[in-house]
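J.: Residue numbers (the numbering used here): 6 to 206.
The C-beta atom is built at its ideal place from N, Cα and C for all residues, glycine as well.
The structure follows.
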Ligand SMILES: C[S@@+](CC[C@H](N)C(=O)[O-])C[C@H]1O[C@@H](n2cnc3c(N)ncnc32)[C@H](O)[C@@H]1O
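See below:
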């Protein structure tokens, strides 16, 4: 079976699955697969989801934290409310200077986990898209450091490229363990990866 064909089918598989299961994005499976394998979100956790629209990851987090946890979604865009009292959303920009303080005002306590799927609008110019993605990942890291509890966890989207190594080195200065992850639901041909930081030090 040609590899490209298998990958195409996989892409369709997650797209169709999300539609059938009434999830807001196929991206939900990336977080569910990573969280299942690495167990960085637990029932009862307070989770902040950066770049949360349209809300697939909010649905994933809600499934994992259950009714005793709390989730705050942050995006430039308005997010259609979820039918769950412990999921809230705000409009904000992760690059804004006071965003961490704004987020903290909505949390019942310091966050256990920060997840970030923030992405720029892709231009198609590879170097530019890579640089912007790493830039946004860096903003997410700064927010995570300032709102996580000690030993909290961080999961963030990056694109492979020359600036990635330095970003991983920065993350290593703050977390006990840092891993690079490619969930099955992430398209094989995409340069997308996720960096997982466990245990804010
Ligand atoms: C790939 S989507 C996230 C999909 C989401 N994880 C889901 O499962 O539904 C990326 C999001 O990042 C948001 N975004 C991009 N730049 C942002 C910024 N500076 N601040 C906040 N959100 C941003 C976009 O508006 C977009 O909704």
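I want to check one thing, is the minimum distance from the CB of residue 194 to the heavy atoms of ligand 1 below 6 Å?
T.: For ligand 1, not one heavy atom lies less than 6 Å from the Cβ of residue 194.
J.: In the DSSP assignment, find the unbroken alpha helix (DSSP H) run with residue 171 in it and report its ends.
T.: Looking at the DSSP string, the run of the alpha helix (DSSP H) that includes residue 171 is 169 to 177.
J.: To the nearest angstrom, how far is it from the Cα of residue 61 to the Cα of residue 202?
T.: Going by the C-alpha atoms only, they are around 21 Å apart.
J.: Sort out for me which residues DSSP pairs residue 127 with in a bridge.
T.: Partner(s): none; residue 127 has no beta bridge.
J.: How should residue 133 be labelled, buried or exposed, when 16 other C-beta atoms within 10 angstroms of its C-beta is the threshold for buried?
T.: Counting Cβ neighbours within 10 Å, residue 133 comes out exposed, since fewer than 16 surround it.
J.: Any heavy atom of ligand 1 closer than 6 Å to the beta-carbon of residue 81?
T.: Correct: residue 81 has its Cβ closer than 6 Å to ligand 1.
J.: Between residue 172 and chain C, is the shortest Cβ-Cβ distance under 7 Å, so that the two count as touching?
T.: Note that chain C does not occur in the displayed structure, where there is just one protein chain.
J.: Can you give the Cα-Cα distance for residue 206 and residue 179, rounded to whole angstroms?
T.: Taking the straight line from one Cα to the other gives about 6 Å.
J.: What's the gap between the Cα of residue 70 and the Cα of residue 47?
T.: Those two C-alpha atoms are separated by around 6 Å.
J.: Can you list, in chain order, the residues of its chain whose CB lies under 6 Å from that of residue 141, leaving out five sequence neighbours each side?
T.: Counting only Cβ-Cβ distances below 6 Å, and skipping sequence neighbours, we find 123.
J.: Across the stretch 159 to 168 and the stretch 114 to 121, are there enough close Cβ pairs to call them in contact, namely three or more that are closer than 8 Å?
T.: Flag = yes, the stretch 159 to 168 and the stretch 114 to 121 touch.
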